[in-house]
Amino acid sequence: MILEEPITGVPLVKNFIDGEWVESKGEIKDVVNPAKYEVIAKVPISTKDEIDAAVEAAKAAFPDWRRTTPVARARCLFRLKELLEEHFEEVSRVQTQEHGKTIDESRGETRRGIENVEVACGIPTLMMGYNLEDIATGIDEYLIRQPLGVFGIIGPFNFPFMIPLWSAPYAVATGNCVVIKPSSEVPLSQMKIAELVDEAGFPPGVWNVVNGGRTVVNGMLDHPDIRGIAFVGSTPTAKDVIYRRCGETGKRVIAQGGAKNFMVIMPDANVRATVASLMTSFFGNTGQRCLSGANLLIVGQDDEFYNSFMDAVADTASRIIVGYGLDESVQMGPLRDKEKKEKVIRYIESGIAEGAKIRLDGRKFKVTGGYPDTCFLGPSIFEDVTPDVKIGSEEIFGPVMSVMRAKNLDEAIEMCNANPFGNGHAIFTSSGKSAREFQYRITSGNVGINIGIVAPMAFFPFSGMKDSFFGILHTQGQEAIRFFTESKVVIQRWL
Amino acid sequence: MKLQTASAVISFAKSLEDESAKFYEDLSQRYAKDKDVFLSFAKENRKNLVQIDRAYYGVITDAIEGCFAFDIEPEAYTVETALAEATSYADALGKAIKLEEKIGKFYSDAAEQSKSLMADVPRAFVLIAGKRAKRGSELRSLLGKEG
Chain A
1 MILEEPITGV PLVKNFIDGE WVESKGEIKD VVNPAKYEVI AKVPISTKDE IDAAVEAAKA
61 AFPDWRRTTP VARARCLFRL KELLEEHFEE VSRVQTQEHG KTIDESRGET RRGIENVEVA
121 CGIPTLMMGY NLEDIATGID EYLIRQPLGV FGIIGPFNFP FMIPLWSAPY AVATGNCVVI
181 KPSSEVPLSQ MKIAELVDEA GFPPGVWNVV NGGRTVVNGM LDHPDIRGIA FVGSTPTAKD
241 VIYRRCGETG KRVIAQGGAK NFMVIMPDAN VRATVASLMT SFFGNTGQRC LSGANLLIVG
301 QDDEFYNSFM DAVADTASRI IVGYGLDESV QMGPLRDKEK KEKVIRYIES GIAEGAKIRL
361 DGRKFKVTGG YPDTCFLGPS IFEDVTPDVK IGSEEIFGPV MSVMRAKNLD EAIEMCNANP
421 FGNGHAIFTS SGKSAREFQY RITSGNVGIN IGIVAPMAFF PFSGMKDSFF GILHTQGQEA
481 IRFFTESKVV IQRWL
Chain R
1001 MKLQTASAVI SFAKSLEDES AKFYEDLSQR YAKDKDVFLS FAKENRKNLV QIDRAYYGVI
1061 TDAIEGCFAF DIEPEAYTVE TALAEATSYA DALGKAIKLE EKIGKFYSDA AEQSKSLMAD
1121 VPRAFVLIAG KRAKRGSELR SLLGKEG
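Protein chains in written order, with the numbering used here: chain A, 1 to 495; chain R, 1001 to 1147.
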């Protein structure tokens, strides 16, 4: 069944500043549905004045908002949560329409986003400090958490709905105000959220959305009234732009970057369950996840196991249905745009040129439903890949599996740890000992044990190590509460 | 076409619940002596729909694996719900028993296929399969009284 599209016509996206929908004076860009390759909206590339206006509005809203009680702030979030539930299906379909992911994936993204709002609803408890009586006779000491002011939140293209919600609910729950910049490729989900924020009764200026590109990002980084930035995107931008400049300007920072995740397969893994998990891991969201599997590392020297396992993987991958995500039968959608598809094709070509064996060629595929193949690719599988070649070491961000072998678990862990990224490595095994060893030694912020996509729930931090994360505290849960608050310690004596 | 995604399977399950609810509403109008039983089945179908929705929409771990969790041939579970004008009560009960068996098997098979990847959806399916099995017994006992 093909589900109805929620976006009709070609709306012009506006900015949401100080509780008002404001038309931008910036250049206008097309928002393209990658499955149908048609324009579904127009988005502005906002100007410096517009980002400044949003920060100004947020700064002006801050004194009243921080004095609004945590219970009252939580009630705004409860109302937002209810509205998001009411619009669950609509916002999910918007994601599919603007990004291309399957409807199952979009609904999963919606649920994950809402879970962050749910967790932030617990702010009266989450924000509590602590105290100790009689640190010296008659003197008490206590810690209180206070908001800082205005935060900038910069979202990527691959999870247009969920990723800004890793931060924004916690920021406003703790009494801060936010300015969100969605990816200009996929701005519609954040527009929908802003509509619901408005309906939920947040005061003007608490939650602002400014569309655009570098000018908006630079405006945030340079603005003296922005106290911190939460960013998710590529490693070069996370490290060399966001992290560095936040350091220079004295801002708090969460900068989540890219990944090259290894899925380590032990010979004692449950083959059927593992193969299905791997399909989601490598090809889910068309490989455009920082938690996607990238390298499949098969452990042991048993060729019979290797061959039968790879036969199962290749056979299952070759049957993946590629098409428009609003068709319920579709298992993999398009890449987000033509340029991303071309980049993945260049990686496939480099894999062949560097001597890897192509077992399944994603360049040969069929799109279900007769949609233009402009942004589509099928799944690709390379065997005989080594960690030093491009497809084995660089983040491809597409549906490409690079298969490697390791003699034993020690060697597998060394190979994983030699990679500069550390986001979401996983092991598939029925041995507790192997799993424990892997968990103990692996340098990865999120670790999977028989789980292909190691996405932490909202009450746990979305972790990350090495070139996958720059900062100290992470998004989500308690760490987000700490990121968005200042710890103030009071020592008191009454004479 | 096979159903492989959670979305497609959930839509199919909902259509089975809808169709069988209509079937029991039809039976309740035709065969007044067991009207309450049939209406209770139709009502339970509506509850099943809610249970399926909650399991699917409410649990994220399920949605993550949702595109690769099933391998269902829908034709194997398609139910026949049309009743001819002159259908005897015994024949109608026979049809209902077959319908329950088929739908129950759909839920059991779908639960089995997805249990290693999903959590709450297969659990909900197993519970509904259990309810369907109970219905089968109840319908057989009505048929026994009839014969």
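Beta carbons are placed, not taken as given, at the ideal position from N, Cα and C, and that holds for glycine.
Within the segment 184 to 210 of chain A, the complete alpha helix (DSSP H) runs of at least 4 residues fall at 188 to 200. Judged by their CB atoms, residue 384 (chain A) and residue 356 (chain A) are nearer to each other than the 8 Å cut-off. The beta carbon of residue 1065 (chain R) falls within 8 Å of a beta carbon belonging to chain A, placing the residue at that interface. No Cβ-Cβ contact shorter than 8 Å links residue 148 (chain A) with residue 73 (chain A).
Secondary structure remark: continuous beta strand (DSSP E) runs of at least 3 residues inside the segment 403 to 459 of chain A, in chain order: 424 to 428 and 446 to 449.
At a cut-off of 8 Å, the C-beta of residue 273 (chain A) has a neighbouring C-beta in chain R. Straight-line spacing of the CA atoms in residue 1010 (chain R) and residue 1053 (chain R) works out to 8 Å. DSSP, read as helix, strand or coil, puts residue 390 (chain A) in helix. In this structure, DSSP gives residue 1124 (chain R) a helical state, which the three-state scheme calls helix. For residue 1101 (chain R), same chain residues with a beta-carbon under 7 Å away, outside a window of 5 residues either side, are 1136 in chain order.
For residue 1001 (chain R), the closest Cβ of chain A is nearer than 8 Å. Within chain R, the residues whose beta carbon sits less than 9 Å from that of residue 329 (chain A) are 1001, 1002, 1003, 1004, 1005, 1007 and 1008, listed in sequence order. Under DSSP, the beta-bridge partners assigned to residue 140 (chain A) are A:492. Residue 164 (chain A) sits in a helix when the DSSP states are folded into three classes. At a Cβ-Cβ threshold of 8 Å, residue 231 (chain A) and residue 255 (chain A) count as neighbours. For residue 12 (chain A) and residue 1029 (chain R), the gap between their C-alpha atoms comes out near 53 Å. Taking a C-beta cut-off of 8 Å against chain R, none of the residues of the segment 6 to 38 of chain A qualify.
In the DSSP annotation of this structure, the continuous segment of the alpha helix (DSSP H) that includes residue 282 (chain A) starts and ends at 271 to 283.
For the pair residue 52 (chain A) and residue 210 (chain A), the Cα-to-Cα distance works out to about 10 Å. Distance check between residue 386 (chain A) and each of A:398, A:371 and A:419 places A:419 closest, using alpha-carbon atoms only. Rounded to whole angstroms, the gap between the alpha carbons of residue 475 (chain A) and residue 432 (chain A) is 30 Å. Taking 7 Å as the upper bound on Cβ-Cβ separation, chain R lies near no residue of the segment 358 to 383 of chain A.
1116 and 1117: these are the residues of the segment 1091 to 1119 of chain R whose beta carbon lies less than 7 Å from some beta carbon of chain A, given in chain order. Look at residue 1054 (chain R) here: in three-state DSSP terms it is helix. Taking C-beta separations shorter than 7 Å and ignoring five residues to either side along the sequence, the partners of residue 200 (chain A) in its chain run 76, 79, 80 and 83, following chain order. With fewer than 16 neighbouring CB atoms inside 10 Å of its own CB, residue 130 (chain A) falls in the exposed class.
Around residue 1077 (chain R), no beta-carbon contact reaches into chain A at under 8 Å, the shortest distance being about 16 Å.
The CB of residue 78 (chain A) never comes closer than 7 Å to any CB in chain R; the least such distance is about 17 Å.
Taking 8 Å as the cut-off between beta carbons, the residues of the segment 264 to 292 of chain A near chain R are 270, 272, 273, 276, 277, 279, 280 and 284, in sequence order. Residue 350 (chain A) carries a helical assignment under DSSP once its states are collapsed to helix, strand and coil. Taking the Cα positions, residue 1012 (chain R) is about 17 Å away from residue 1120 (chain R).
Close partners of residue 1011 (chain R) in chain A (Cβ separation under 7 Å): 1 and 328. Counting C-beta pairs closer than 8 Å gives fewer than three between the segment 292 to 304 of chain A and the segment 333 to 352 of chain A, which falls short of the contact rule.
Residue 86 (chain A) has a beta carbon lying at 8 Å or more from every beta carbon in chain R. In the pairwise beta carbon analysis, the segment 1073 to 1083 of chain R is classified as not touching the segment 1042 to 1052 of chain R: fewer than three pairs are separated by under 8 Å.
Among the residues of chain A, none has a CB under 8 Å from the CB of residue 1038 (chain R); the nearest is roughly 29 Å distant.
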